[in-house]
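Undergrad: Let me give you the structure first, and then I'll get to my questions.
2 protein chains.
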Amino acid sequence: MSKKERQQQLLAIIEGNPFVTDRELTRQLKVSIQTIRLDRMELGIPELRERMKQMAEHSYDQVRSLPADEVVGDIVDLQLDRSGISIFEIRDEHVFSRNGIARGHYVFGQANSLAVAIINDEIALTASADIRFVRMVRLGEKCIAKAQVRSLAGRNGKAEVDVFTYVGEELVFQGHFIVYRSAIEEYSEGGNRSADRH
Amino acid sequence: MSKKERQQQLLAIIEGNPFVTDRELTRQLKVSIQTIRLDRMELGIPELRERMKQMAEHSYDQVRSLPADEVVGDIVDLQLDRSGISIFEIRDEHVFSRNGIARGHYVFGQANSLAVAIINDEIALTASADIRFVRMVRLGEKCIAKAQVRSLAGRNGKAEVDVFTYVGEELVFQGHFIVYRSAIEEYSEGGNRSADRH
DNA sequence: TACATATTAGTACCTGGTTCTAATTGATAA
DNA sequence: TTATCAATTAGAACCAGGTACTAATATGTA
Chain A
1 MSKKERQQQL LAIIEGNPFV TDRELTRQLK VSIQTIRLDR MELGIPELRE RMKQMAEHSY
61 DQVRSLPADE VVGDIVDLQL DRSGISIFEI RDEHVFSRNG IARGHYVFGQ ANSLAVAIIN
121 DEIALTASAD IRFVRMVRLG EKCIAKAQVR SLAGRNGKAE VDVFTYVGEE LVFQGHFIVY
181 RSAIEEYSEG GNRSADRH
Chain B
1001 MSKKERQQQL LAIIEGNPFV TDRELTRQLK VSIQTIRLDR MELGIPELRE RMKQMAEHSY
1061 DQVRSLPADE VVGDIVDLQL DRSGISIFEI RDEHVFSRNG IARGHYVFGQ ANSLAVAIIN
1121 DEIALTASAD IRFVRMVRLG EKCIAKAQVR SLAGRNGKAE VDVFTYVGEE LVFQGHFIVY
1181 RSAIEEYSEG GNRSADRH
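Written as structure tokens, this is what we have:
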């Protein structure tokens, strides 16, 4: 096996398992540990500990920005049991990589989260929804969802919430949500109030 | 400062910055490095390198499972323009941390992705949907979504797809989707075919 | 045969620890 | 006041997984 081939293999092995030590690499590639290290130098691959550190730092950055995901979108205005507005910017992680169009469940998720957040009860869960994706949403666009409570049954009843999502002036999504309140064991989905918003 | 107070501080510092070395901790807490290490022992906090390794492994697991996110759920059976089945296990990242209930847009996303994948066209986009969350889904549960094409209009028309999602024998979600085919510039949302499935 | 490149060997040193033994400090009860 | 005990500090040996450097040995190739 030539040097180039070996270095390609080395690259592939580390790509496939970044947690491999030089010692393990000697076993797989049947060359001395010095050769492994020279190869890493030439390929600019850092040592195991440095690789792990970089991955850890990367994931730490992600973890720190994750809480914003608990509710999809930032709620910028909220009048409990009345209306609310949330803003959600379509980023890389929200689109299909092939065409840059937002995945539906994020657009849905923004509206759903807002519909649930607006209800002034300890627990509020979406029971059903009637939705329309009016036009596709693309990478970089800012979705502004506006929710209006249409009817409010008494405690432990259901509420109806309409959500319209716009990009600029254009309507991109509309949904009619039926949300149950304080109904813990039945007709439920997964949304709750206040405590989960940061 | 008492031992307990110091250990609480130590915990807080490492929580705030997992990348801190024992040496740095001696500077912040004004005790010897041995005390720091005894404290870590008692609190069960691993050494810096181990902490980084765990974070790296954690993020690596996430990265590896990300491509499966392009379509939510694994499609295990697919008869184009007829029916399909997808399996989706509810993990940590899919639930509200407070109560372990799945966020609605994941359950919706599984059904939506399946409804779109089933359509045998270059491009298929959800136009509208009528959905019901029949019962909440919890952490660890395996959702099995079954989709059936109900009607198929000609090319560039719309198709109707019904999706039922079960956990075991129990129905947890149902949805009626209207999916447009090959309609690129209008009535769209964000779903496409084949190329995005891994 | 001479020269260059590739590979291997070996040593000293580094960080950020663990593990262990032992000494010192400080408070507390008899 | 003194014995006692937990808490703290010190120090040395050792470890993994390397880096940095020097030197020797293959292996081709002109």
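Listed in order, the protein sequences are those of chains A and B.
For the first sequence, position 124 matches number 124 in the numbering used here, and the numbering has no gaps at all.
For the second sequence, position 108 matches number 1108 in the numbering used here, and the numbering has no gaps at all.
Every residue, glycine too, gets a C-beta built ideally from N, C-alpha and C.
1. Identify whether Arg132/A lies in helix, strand or coil by the three-state DSSP scheme.
2. Kindly list, in the order they appear in chain B, the residues whose Cβ is closer than 9 Å to that of Arg49/A.
3. Quick check: Gly168/A and Leu114/A, are their CB atoms within less than 8 Å of each other?
4. Hey, does Asn120/A have any beta-carbon neighbour from chain B nearer than 8 Å?
5. Short check: CB of Val1076/B to CB of Ser1086/B, under 8 Å?
6. Count the other C-beta atoms from every protein chain shown that fall within 10 angstroms of the C-beta of Thr21/A, then say buried if there are 16 or more, exposed otherwise.
7. Going by beta-carbon coordinates alone, are Ile131/A and Ala1159/B separated by less than 8 Å?
8. Could you please give me the residues that DSSP links to Lys1146/B through a beta bridge?
9. Among residues of its own chain, excluding the 5 on either side of Arg23/A, which ones have a beta-carbon nearer than 7 Å to its beta-carbon?
10. Using three-state DSSP, classify Glu1170/B as helix, strand or coil.
11. Taking the beta carbon of Ala147/A as the centre, do at least 16 other beta carbons fall within 10 Å, making it buried, or is it exposed?
12. Quick one: does Val1072/B have its CB under 8 Å from some CB of chain A?
13. Can we count Ala12/A as close to the ligand GTP, meaning its CB is less than 7 Å from some heavy atom?
14. Please classify Leu1029/B: does DSSP put it in a helix, a strand, or coil?
15. Report the residues of the region 1148-1170 of chain B with a CB closer than 9 Å to any CB of chain A, ordered along the chain.
16. Give me the Cβ distance between Cys1143/B and Val1137/B, rounded to the nearest whole Å; I'm assuming they're in contact under 8 Å.
17. What does a CB cutoff of less than 6 Å around Gln1174/B pick up in its chain, not counting 5 residues either side in sequence?
18. Look up Thr126/A in the DSSP assignment and say whether it is helix, strand or coil.
19. Is the Cβ of Met1001/B closer than 8 Å to any Cβ of chain A?
20. Beta-carbon separation of Ile119/A and Val179/A under 8 Å?
21. Within a Cβ cutoff of 7 Å, which residues of the same chain sit near Leu1025/B, ignoring the five residues on either side of it in sequence?
22. Helix, strand or coil for Ser1151/B? Go by DSSP, reduced to three states.
23. Any C-beta of chain A within less than 8 Å: which residues of the region 1013-1031 of chain B qualify?
24. Buried or exposed for Gln1110/B, please, with buried defined as at least 16 other CB atoms from any protein chain shown within 10 angstroms of its CB.
25. Hey, how far is the Cα of Glu1093/B from the Cα of Leu1139/B?
26. Buried or exposed for Lys199/A, going by 16 or more other Cβ atoms inside 10 Å?
27. Distance cutoff 8 Å, beta carbons only. Does Ala1117/B sit that close to anything in chain A?
28. Who are the Cβ neighbours of Pro18/A in its own chain at under 6 Å, not counting the five residues just before and after it?
29. Quick one, are the C-beta atoms of Phe108/A and Phe1108/B less than 8 Å apart?
30. With C-beta atoms as the reference, is Asn996/B less than 8 Å away from Phe1177/B?
31. Taking just the CA atoms, how far does Ile90/A sit from His105/A?
32. Can you list the residues of chain A that Ser1086/B reaches, using a CB-CB cut of under 7 Å?
33. From the beta carbon of Ala145/A, is the nearest beta carbon of chain B less than 8 Å away?
34. Measure from the alpha carbon of Ala1127/B to the alpha carbon of each residue in Glu1042/B, Arg1181/B, Met1041/B, then state which is nearest.
35. So, Ala102/A versus Ala1056/B, is the Cβ gap smaller than 8 Å?
TA: Put simply:
1. Three-state result, Arg132/A: strand.
2. Against chain B, the beta carbon of Arg49/A has neighbours under 9 Å at Arg1049, Met1052, Lys1053, listed in chain order.
3. Cβ distance not < 8 Å, so Gly168/A and Leu114/A don't count as in contact.
4. Asn120/A has a beta carbon lying at 8 Å or more from every beta carbon in chain B.
5. Contact flag set, yes.
6. Result: exposed.
7. The answer is no: Cβ separation not under 8 Å.
8. When beta bridges are read from the DSSP output, Lys1146/B appears opposite Ile1085/B, Phe1164/B.
9. Correct list, in chain order: Ile33.
10. Shown here, Glu1170/B sits in a strand according to DSSP, grouped into three states.
11. Around the CB of Ala147/A, 16 or more other CB atoms lie within 10 Å, so the residue is classed as buried.
12. The beta-carbon of Val1072/B is placed less than 8 Å from the nearest beta-carbon of chain A.
13. Judged by which ligands are present, the structure shown has none, so any question about the ligand GTP falls away.
14. Looking at Leu1029/B - three-state DSSP - the assignment turns out to be helix.
15. Going along the region 1148-1170 of chain B in chain order, one finds no residue with a Cβ nearer than 9 Å to chain A.
16. Right, their Cβ atoms sit about 6 Å apart.
17. If we look at Gln1174/B and ignore the five residues flanking it on each side, its Cβ neighbours are Arg1132, Phe1164.
18. Thr126/A: strand per DSSP, three-state reduction.
19. Not an interface residue.
20. Contact flag set, yes.
21. Around Leu1025/B: Leu1010, Ile1013, Ile1036.
22. It is a strand residue.
23. Answer set for the region 1013-1031 of chain B: Pro1018, Phe1019.
24. Label assigned to Gln1110/B: buried.
25. If you take the alpha carbons of Glu1093/B and Leu1139/B, they lie about 9 Å apart.
26. Residue 199/A lies beyond the residue range present for chain A, which begins at 1 and ends at 198; the question has no answer from this structure.
27. Answer no: the Cβ-Cβ gap between Ala1117/B and chain A never drops below 8 Å.
28. Exclusion of the five residues before and after Pro18/A leaves Arg51 as the residues of its chain whose Cβ lies within less than 6 Å of its Cβ.
29. Against a cut-off of 8 Å, the Cβ pair of Phe1108/B and Phe108/A comes out as a contact.
30. Residue 996/B lies beyond the stretch modelled for chain B, which goes from 1001 to 1198, so this question has no answer here.
31. Computed Cα separation, rounded: 12 Å.
32. Ordered by position in chain A, no residue passes the 7 Å Cβ test against Ser1086/B, which lies about 14 Å from the chain.
33. It does not; no Cβ of chain B falls within 8 Å.
34. It is Arg1181/B whose Cα lies nearest to the Cα of Ala1127/B.
35. No, they are not a contact pair.
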